[in-house]
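Quick note on numbering: the sequence shown equals residues 5 to 544 in the working numbering. The beta carbon of each residue, even a glycine, is placed where N, CA and C say it ideally should be. Owing to the predicted nature of the structure, the values given are computational and were not obtained by experimental measurement.
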Amino acid sequence: MKAPARLSVSDAEGRRSVQVDKPVFIIGRRTSADLQVVSRDVSREHARITREADQYLIADCGSRFGTFINGDAVVGPRVLLHGDRIRLGQTDVVDLVFLADDETASGLRDAGSNITSLKQMTAILNGLRALGSGRVLDEVLTLVLDGALEVTTADRGFIMLASEKDELQFRIARARGGRALEGSLFTTSQKIPREVFETGQSRVVSDLFEGDLAAAHGGTIATGIRHVLCVPLCVATIAAAPGEQSHNRTIGVLYLDGRDRGITRSAALVSSLEAFATQAALAIEGARLYAESAERAKAEREWRVAAEIQQTLLPAPQWRGPTCDLAATSAPCRTIGGDFFDYLDLPNGAFGFTLGDVAGKGPPAALLAAAVQSNFSAHAPVARDPADLMTRLNLALLRRAVDARFATMFFGSITSDGVVQYSNAGQEPPVVVRANGVVDHLEIGGPVLGLLGGATYDYGHTVLKPGDILMMCSDGVTEARNVDGDEFGGNRLAMLLRDAHGHEPETVLERVLTAVREFAGREPQTDDITALVLRYRGSS
Numbered sequence: 005m006k007a008p009a010r011l012s013v014s015d016a017e018g019r020r021s022v023q024v025d026k027p028v029f030i031i032g033r034r035t036s037a038d039l040q041v042v043s044r045d046v047s048r049e050h051a052r053i054t055r056e057a058d059q060y061l062i063a064d065c066g067s068r069f070g071t072f073i074n075g076d077a078v079v080g081p082r083v084l085l086h087g088d089r090i091r092l093g094q095t096d097v098v099d100l101v102f103l104a105d106d107e108t109a110s111g112l113r114d115a116g117s118n119i120t121s122l123k124q125m126t127a128i129l130n131g132l133r134a135l136g137s138g139r140v141l142d143e144v145l146t147l148v149l150d151g152a153l154e155v156t157t158a159d160r161g162f163i164m165l166a167s168e169k170d171e172l173q174f175r176i177a178r179a180r181g182g183r184a185l186e187g188s189l190f191t192t193s194q195k196i197p198r199e200v201f202e203t204g205q206s207r208v209v210s211d212l213f214e215g216d217l218a219a220a221h222g223g224t225i226a227t228g229i230r231h232v233l234c235v236p237l238c239v240a241t242i243a244a245a246p247g248e249q250s251h252n253r254t255i256g257v258l259y260l261d262g263r264d265r266g267i268t269r270s271a272a273l274v275s276s277l278e279a280f281a282t283q284a285a286l287a288i289e290g291a292r293l294y295a296e297s298a299e300r301a302k303a304e305r306e307w308r309v310a311a312e313i314q315q316t317l318l319p320a321p322q323w324r325g326p327t328c329d330l331a332a333t334s335a336p337c338r339t340i341g342g343d344f345f346d347y348l349d350l351p352n353g354a355f356g357f358t359l360g361d362v363a364g365k366g367p368p369a370a371l372l373a374a375a376v377q378s379n380f381s382a383h384a385p386v387a388r389d390p391a392d393l394m395t396r397l398n399l400a401l402l403r404r405a406v407d408a409r410f411a412t413m414f415f416g417s418i419t420s421d422g423v424v425q426y427s428n429a430g431q432e433p434p435v436v437v438r439a440n441g442v443v444d445h446l447e448i449g450g451p452v453l454g455l456l457g458g459a460t461y462d463y464g465h466t467v468l469k470p471g472d473i474l475m476m477c478s479d480g481v482t483e484a485r486n487v488d489g490d491e492f493g494g495n496r497l498a499m500l501l502r503d504a505h506g507h508e509p510e511t512v513l514e515r516v517l518t519a520v521r522e523f524a525g526r527e528p529q530t531d532d533i534t535a536l537v538l539r540y541r542g543s544s
């Protein structure tokens, strides 16, 4: 004789099997029921199962909150099929699965084994997280997904992680047995993972043919997949301030599906998978943060090396010649910047000096600044005059034009008798401080470099007397702002330099930098600051 059917019962007491061995089997809250279920949603005599020949039928006994089979309300007697999930009212405190054949015992043993394996995997992931894992993120994802596939016996699975814009992105897809899946090999649901991600609630689909799911998952059903289990990957966010509540943040989803109803049959298995997913999320987040930290550290090392290289491209910050001396500095607002200064002896016996500022900040500006500086070193010794040098540099930049990238630049040369020839290509006009306190500005030149193909440049000249100071700077000095949004400005700089005549270049430079810092106060530096001070001592 065929063994009677069974009910797989999962509740607060654990998991057990109850034989349906009576012609009429009563389920309800009363103590005389064949299966007693204690819950406010369950009526005293809630439902009954009757056996007719080889069939089992379930009927609702007029309960207050109803009886449901696989989510559908039981209206009249309904035939029970192997694997049907029974819900009493709206409660989830008890999970009932109807088992009509001899798979009952082995199914329960397999479920118990799977739950134990999930708990072991959870412990492994917890230990991995506690060790502050430096494992590569892909390794952690593989460990999580292979473990979930193995213990749930699902056919396939994938993990999707959220991007910075909260868009779910595939990170890994695998089949049971450790086989990677790609492209057309993995036709799957997009709606279910998105729903789980947005709600933070698990989704169990015991049959994709249910309701309106079949139309949305025709491709998945065509592969033979009908049963889906998707759980969120959540991490707890610590409260930012006392009194605030912490909350869970969903970082992605773990999706499993298969041909066998077993992956969705056990509520206890789903609950254990959710606990497993919580630890998996922590391990994944730890691996991701470690990878981001390692990447930041690598980038910082590379930026430091770039800053060191950029500093070696600049000449010494102090120089003293037979008739004049100078002091200069360049402080990028980031690790590297687009400002530069340079100086060199010219073939005609004059001394040449320059200061430039490339549009933008960071690595792009630094690369273009290096190009401008190298072109300056190549063209300055052979140019006829400062205007010819600016024309040469403009054409050199236009041959390697970069969108929205240009440079401002001032170049001057001084002879032993104090004659200065100069050309200003859009740079902040340098200041000349004379013995009587008069301040002149050197403005003659032309447009910025690297922007206009037909640009022409002029050059001017002035004569320095012993003790005269020539000071040039980038707009990071004059456009420095304080907490009120006011700019330091060219007038304030000119007033600051009125009594600088005859002073050491280093002293004048430090005075300017100190004044800018005090003016800005707590306001952070937003642009590169570069300045050069030249003092003419006289031909003797």
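With the rule of 3 Cβ pairs closer than 8 Å, the segment 295-311 does not count as touching the segment 497-508. Fewer than three pairs of CB atoms, one per stretch, sit closer than 8 Å, so the segment 337-348 makes no contact with the segment 418-434.
The shortest CA-to-CA distance from P319 to any of P368, E304, S381 is the one to S381. A370 has its alpha-carbon roughly 26 Å from the corresponding atom of A519.
With fewer than 16 other CB atoms across the displayed protein chains lying within 10 angstroms of its CB, E202 is exposed. At a Cβ-Cβ threshold of 8 Å, R68 and S47 count as neighbours. The Cβ-Cβ distance between G262 and R160 falls below 8 Å. Assigned with DSSP and collapsed to three states, Q314 falls in helix. By the criterion of a C-beta distance shorter than 7 Å, N398 is surrounded in its chain by L453, G454, A459, once the five residues flanking it on both sides are discounted.
Contiguous alpha helix (DSSP H) elements confined to the segment 365-435 occur at 366-383, 390-403, taking only those with 4 or more residues.
In the three-state scheme derived from DSSP, where H, G and I count as helix and E and B as strand, L165 is classed as strand. If you ignore the 5 residues before and after V435, its C-beta comes within less than 7 Å of the C-beta of V443, H445, M475, L497, A498, L501, all in its own chain and listed in chain order.
M476 is bridged by DSSP to L536. The three-state secondary structure of R91, taken from DSSP, is strand.
Assigned with DSSP and collapsed to three states, R178 falls in strand. Boundaries for F201: no beta strand (DSSP E) harbours it, while the alpha helix (DSSP H) harbouring it runs 195-203, taken from the DSSP string. Between Q425 and the set S14, E289, M394, A373, the nearest pair of CA atoms involves M394. Membership of L11 in any alpha helix (DSSP H) is not indicated; the residue belongs instead to the beta strand (DSSP E) covering 10-15. Residue state for L455 is assigned as coil, using DSSP reduced to three classes. With a beta-carbon spacing of about 17 Å, A524 and N495 fall beyond the 8 Å limit used to define contacts.
A residue is called buried once 16 or more other Cβ atoms fall within 10 Å of its Cβ, and R324, having fewer, is exposed. Cβ contact annotation for R55 (same chain, cutoff 7 Å, sequence separation greater than five): P27, in chain order. Between Y540 and T327, the CB-CB gap stays under 8 Å. D76 has I73 as its beta-bridge partners, per DSSP. Just measuring C-alpha positions, the residue of I196, T511, A439, V140 sitting nearest P470 is A439. Look at D142 here: in three-state DSSP terms it is helix.
For the pair L330 and L536, the CB atoms are nearer than the 8 Å cut-off. Cβ-Cβ separation between D479 and E432: approximately 5 Å, consistent with a contact (criterion under 8 Å). Separation of V97 and D15 (C-alpha to C-alpha, rounded to the nearest whole angstrom) is 6 Å. Residue state for S276 is assigned as helix, using DSSP reduced to three classes. Around P8, the same chain offers Q23, V24, D25 as residues with beta carbons nearer than 7 Å, after the five sequence neighbours per side are excluded. Nearest in C-alpha terms to L277, of all of Q40, T358, A152, is A152. Annotation for R52: the continuous beta strand (DSSP E) segment containing it runs 51-56. When secondary structure is reduced to three states using DSSP, S67 falls in the coil class, being assigned neither helix nor strand.
Between P390 and S427 the beta-carbon gap is near 4 Å, inside 8 Å, which marks them as a contact. Shown here, N495 sits in a helix according to DSSP, grouped into three states.
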